[in-house]
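Beneath this line is the structure, given in structure tokens, with notes to follow.
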């Protein structure tokens, strides 16, 4: 009995009696796809963090509420990035 969609899909591919080379290629394709997805997510998070940092550091001294809002956004992005890193085991693909 499979526990999720991905296991069901994998077992269906393997059940069809495909050759070992194809199965290995299929597995490598899945792994590469996941790595590319994580790399794209990392790049987007870094872009957002850079934008928030730019906002924070370029605000004029008199506009404290702007600086505070930008700092809050930067902190929130840092928390989300830390959670994602922890969830993935602390290693980047």
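Numbering (my numbering), first residue to last: 896 to 988.
Ideal placement from N, C-alpha and C gives every residue a C-beta, glycine not left out.
Note that the coordinates shown come from a computational prediction; the quantities given were computed from them, not determined experimentally.
- For residue 983, the secondary structure class from DSSP, reduced to helix, strand or coil, is coil.
- Residue 969 sits buried, since 16 or more C-beta atoms from the chains shown fall within 10 Å of its C-beta.
- For the pair residue 938 and residue 972, the CB atoms are not nearer than the 9 Å cut-off.
- Contact between residue 964 and residue 944 does not hold, since their C-beta atoms are separated by about 15 Å, which reaches or exceeds 8 Å.
- Sequence-distant Cβ neighbours of residue 981 in its own chain, meaning closer than 8 Å and more than five residues away, do not exist here.
- The alpha carbon of residue 967 has as its nearest neighbour, out of 946, 936, 923, the alpha carbon of 946.
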